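Student: Below is a structure I'd like to ask you about.
Protein chains: 2
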Amino acid sequence: MYVLYHRAFVLIQIAIRNNPCFSGVVVENGSGMLYPSCMKQAPVITIPKGFFFAVAEAAIKKPGRKDLALIFSEAEASIAGTFTTNAVKAAPVQLCMTKIRTGKGQAIVVNSGNANACTGRQGMKDARDMITTAARQIGIQPSLAYICSTGVIGTPLPMQRIIPAIGSLTGSLGTASFDDVAHAVMTTDTFPKIASRTVKIAGRQGVIAGICKGAGMIAPNMATMLCFLITDIAIEKKTLQAALKNSVRKSFNRITIDGDMSTNDTALIMANGLLGNRTLQLTSRDFPAFGNALDNLTSELSRLIVRDGEGATKLVEVVVKNAKSGADAEKAAFAIANSSLVKTAIFGNDANWGRIMAAAGYARAHFNPEKADIFFNNIQVVKNGIATNKDREATREMTKKELTITLDLHAGRASAHVLTCDLTEDYIRINAEYRT
Amino acid sequence: MYVLYHRAFVLIQIAIRNNPCFSGVVVENGSGMLYPSCMKQAPVITIPKGFFFAVAEAAIKKPGRKDLALIFSEAEASIAGTFTTNAVKAAPVQLCMTKIRTGKGQAIVVNSGNANACTGRQGMKDARDMITTAARQIGIQPSLAYICSTGVIGTPLPMQRIIPAIGSLTGSLGTASFDDVAHAVMTTDTFPKIASRTVKIAGRQGVIAGICKGAGMIAPNMATMLCFLITDIAIEKKTLQAALKNSVRKSFNRITIDGDMSTNDTALIMANGLLGNRTLQLTSRDFPAFGNALDNLTSELSRLIVRDGEGATKLVEVVVKNAKSGADAEKAAFAIANSSLVKTAIFGNDANWGRIMAAAGYARAHFNPEKADIFFNNIQVVKNGIATNKDREATREMTKKELTITLDLHAGRASAHVLTCDLTEDYIRINAEYRT
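Note that the protein sequences, when read in sequence, are chains A and B. For what it's worth, our numbering labels the leading residue of the first sequence as 10, then goes sequentially. For what it's worth, our numbering labels the leading residue of the second sequence as 10, then goes sequentially.
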């Protein structure tokens, strides 16, 4: 199935290259993606200065698929990260959380296909060995190298294949694109997730680029997946950490696919400063521009994750407005977005708003059901708690690929929005057969 | 689909009647079920003295299916109830919650196919009209009659068909069995849920019988479904309420199918005292026997609900033991039991214990993952947080119809168990097409 998806993607890319609506490419450091301007989803990707990439195959995933990746900055960079809040943390997460206190980094090694979680002391040793092997071969201090893993939990890493593959990884540094890295970190993802933003910093054009991977075990209260962000803008490490935390809160922590929180979720950002700007601080005049660009980029990436939710056919935005408090709005929005009954109804194009009311009700948000309004896109299906009998119009909206469900509680002024997707038979198939 | 299931059930019943392994029937008041002794699931049902039943068709569900039922006690009874804690409560729930304060009842009217929830003032008027119509025709005070509804939310009841059908309901009182009532309250249930227990009270044999219906929108923190219990044992109303609350806590509040909590969940028990025993009080010598029988009965009924979980192929008991606190044990058990990833893995016979660790981890129970043990039935798949490599043996256990997942946290002495089922493609199909 993976292989098929992957092949289809490659064929689409080739078709795109030969397509007259293709508008242009930016290639830096050998990186860059080819997408036509008529494709809504993937604009031209710009890569920040001084970053190099490599991918390799260690046969962790099925044969023929890259499963090792390396992101390298030619200059030592500031680094910041957010990590899963799950009490069960994979070895690489535990390691990164300790290392990141220095705020310095230069390389990130990633493997997909195996999460190196629940692997005990051996798992921790394996993670360390991957770091030291890669660092030694690249010629940097091991303290500057980070490691992330994603995939099956509870299986030891095949180190006898990984260590030699790290050799070909470091040996081929600079030959791969950022897009290749996006491909190599995929597990059940059906397409790579990559985006970039440019931002003017004191007259110079800085770049932030990012990739991430989903697509199951996505729930809020942490970084919710693997995400690697790189920028050539100089920014002080605490400022970088604050900016990342803030962006993650508004993007990756606002999406849910199945309500399951992973053991490995990590978002890392490296800022190498090669733009040559004066190092950004929280109080810098240009800091808000950087923050906005980062918000914007992480929002796009988080949207791509939900769009590629396992088995999903629709992107659904749940908006709860006029709640008594922000906490109430969030509770109700997540209860709706995580409800299996709401999500299956969306899959079935059934404007079954009763399930939305029920979910808001068990979320224990404060509201009077007899004042609530519900909308599917701009079709009002509930007014003052009762049906408007616009099911037919609402059903028409539901056949669209994007749906916004709005619940107006009329209980205050707070609001919250959460991105999710529908729950389909394919989700079951993918997850029932994940390890087979 | 319903019709098919129903027909299949009737055919099975007929087959059972003609089957040599059929062991005997108890029929009282025209009620009683025919089941062979070789069928594990449904033992002989005994009906308490003085209860009569009726069913009718008001075309709320699909044509040809009974959707109205009446449970009547020839003597005024003590009545107790537990109700959904959802903030959005259906009109009949709101009404019952007020009426039950008197502790007295004699009749329960139930309709299936329409929940009469989110139907505003009209819904409340409709619920009252159903009660007064039925009470007047039976010849009792409306204050002694109760109403419950289950089915689609947000659609007004078809009162023009219901009111005449109540005429045929009350007119045929005594002609139906308790089993017929169990059939009439079904929505997505594939089989009726009925059970009974006998209990010695001061030398006399009292009876408690019950029916309930599932099978989606099942989550804890309330009665979780409709359940009607009847007994001929005399018991004081506050004692009855305490006994019911305690039993519900240990049975219906310990099951979860999809984590969705309904707007209509109600459990009612009527005790008409026709056994002639001295009225039971909390301090009565025979009260514990009554409590145990009720526990036992509600446990059986709650088990039947999970066994009939929408699309379920397996009954799964999640046991969390040696937790630091009862709250910790419960949080972890419910997180595992509600995890879509755990439930799809069970469907796929995949002993993917990593998802169990991850769920316990995001439940924020206090434990050291490196001390945790996990068992599938009696096969230990995790010892001290790492794999024992018994996946093959565990997979064999998973192909059985009943599975116990035990997570030993080694963090204290508290434990909790929760019943659930797997998550299958049929769940999606049933819920995507529920209203079509």
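All residues carry an ideal CB built from backbone N, CA and C; glycine is no exception. Just so we're clear, the structure is a prediction, and the values are computed from it rather than from any experiment.
Going by other Cβ atoms of all chains shown within 10 Å of its Cβ, with 16 needed for buried, is Pro3 of chain B buried or exposed?
Tutor: Here chain B covers residues 10 to 445 and nothing more, so residue 3 of chain B does not appear.
Student: Would a check of beta-carbon distances place Gly176 of chain A closer than 7 angstroms to chain B?
Tutor: no
Student: Less than 6 angstroms between C-beta atoms, sequence neighbours within five positions excluded: which residues of the same chain meet that for Phe376 of chain B?
Tutor: Leu418 and Ala420
Student: Name, in chain order, the residues that DSSP records as bridge partners for Gln389 of chain B.
Tutor: B:Phe384.
Student: Note down, in chain order, all residues in the segment 125 to 138 of chain A with a beta-carbon under 9 angstroms from any beta-carbon belonging to chain B.
Tutor: Result list: Ala126, Cys127, Thr128, Gly129, Arg130, Gln131 and Gly132.
Student: State yes or no: is the beta carbon of Val460 of chain B nearer than 7 angstroms to at least one beta carbon in chain A?
Tutor: In the structure as shown, chain B begins at 10 and stops at 445. Residue 460 of chain B is therefore absent and cannot be evaluated.
Student: Run the CB neighbour count on Thr292 of chain A, radius 10 Å, all protein chains shown included, and call it buried at 16 or more, exposed below.
Tutor: exposed
Student: Going along chain A in order, which residues have a C-beta closer than 7 angstroms to the C-beta of Ile395 of chain B?
Tutor: Within 7 angstroms Cβ-Cβ: Cys127, Thr128 and Gly129.
Student: Who are the near neighbours of Pro151 of chain A in its chain, counting only those whose CB is closer than 6 angstroms to its CB and skipping five residues on each side?
Tutor: Ile140, Thr141 and Ala144
Student: The beta strand (DSSP E) spanning Gln115 of chain B covers which residue range?
Tutor: Lys113 to Asn123
Student: Per DSSP, which residues does Ala63 of chain A bridge with? Please list them.
Tutor: A:Leu79
Student: Can you have a look at Ala116 of chain A and say buried or exposed, based on whether 16 or more other CB atoms are within 10 angstroms of its CB?
Tutor: buried
Student: Rounded to whole angstroms, what's the CA-CA distance from Val119 of chain A to Gly59 of chain A? Just pull it up for me.
Tutor: 19 angstroms
Student: Rounded to whole angstroms, how far is the Cβ of Val208 of chain A from the Cβ of Phe299 of chain A, which I believe are closer than 8 angstroms?
Tutor: 6 angstroms
Student: Anyone know if the C-beta pair for Leu178 of chain B and Ala86 of chain B falls short of 7 angstroms?
Tutor: no
Student: Pull out every residue of the segment 96 to 107 of chain B whose Cβ sits closer than 7 angstroms to any Cβ of chain A, in chain order.
Tutor: Ala96 and Val97
Student: Asp198 of chain B and Asp317 of chain B: beta carbons closer than 7 angstroms?
Tutor: Contact flag set, yes.
Student: Let me know if Arg8 of chain A comes out buried or exposed under the rule of 16 or more other beta-carbons within 10 Å of its beta-carbon.
Tutor: There is simply no residue 8 of chain A to check, as chain A begins at 10 and stops at 445 in what is shown.
Student: Sorted by chain position, which residues of the same chain lie with C-beta nearer than 6 angstroms to Gln454 of chain A's C-beta, five sequence neighbours on each side aside?
Tutor: Past the boundaries of the shown model lies residue 454 of chain A; chain A is included only from 10 to 445, so the question cannot be answered.
Student: Run through the DSSP bridge pairs and tell me what Val325 of chain B is partnered with.
Tutor: B:Leu412 and B:Thr429
Student: Can you name the residues of chain B whose CB is closer than 7 angstroms to the CB of Leu432 of chain A?
Tutor: Ile437
Student: So with CB distances below 9 angstroms, who are the chain A contacts of Val161 of chain B?
Tutor: Neighbourhood of Val161 of chain B in chain A, by CB distance below 9 angstroms: Asn361 and Gly363, in chain order.
Student: For the beta strand (DSSP E) containing Arg206 of chain A, list its first residue and its last residue.
Tutor: Residues Lys202 to Ile210.
Student: Work out the CA separation of Pro201 of chain A and Leu350 of chain A for me, nearest whole Å.
Tutor: 29 angstroms
Student: So what's Gly160 of chain A in DSSP terms, helix, strand or just coil?
Tutor: For Gly160 of chain A, the three-state secondary structure derived from DSSP is strand.
Student: Which residue's Cα is closest to the Cα of Asp189 of chain A: A:Ala65, A:Ile69, A:Val102 and A:Asn123?
Tutor: A:Ala65
Student: Which residue from A:Ser186, A:Gly363 and A:Asn95 puts its Cα closest to that of Thr159 of chain B?
Tutor: A:Gly363
Student: So, with DSSP's three-state summary, where would you put Phe261 of chain A?
Tutor: helix
Student: Taking only the alpha-carbon atoms, compute the straight-line gap between Ala354 of chain A and Glu339 of chain A and give it to the nearest angstrom.
Tutor: 21 angstroms
Student: Exposed or buried, what is Gly148 of chain B when buried is set at 16 or more other beta-carbons lying within 10 Å of its beta-carbon?
Tutor: exposed
Student: Taking only three categories from DSSP, how would you classify Leu277 of chain A?
Tutor: strand
Student: DSSP three-state label for Arg294 of chain A, please.
Tutor: coil
Student: Of all the CB atoms in chain A, is at least one closer than 7 angstroms to the CB of Ala344 of chain B?
Tutor: no
Student: Taking 7 angstroms as the CB-CB limit, is Thr272 of chain A close to chain B?
Tutor: yes
Student: Here's a check: name, in chain order, each residue in its chain whose Cβ is nearer than 7 angstroms to the Cβ of Ile437 of chain B, leaving out the five neighbours to either side.
Tutor: Within the same chain, no residue comes within 7 angstroms of Ile437 of chain B by CB-CB distance, once the 5 residues on both sides are set aside.
Student: Does chain B have any CB closer than 7 angstroms to the CB of Ala232 of chain A?
Tutor: At Ala232 of chain A the pLDDT is 29, less than 50, meaning the model places this residue with poor confidence; the figure from the coordinates comes in the next sentence. Answer no: the Cβ-Cβ gap between Ala232 of chain A and chain B never drops below 7 angstroms.
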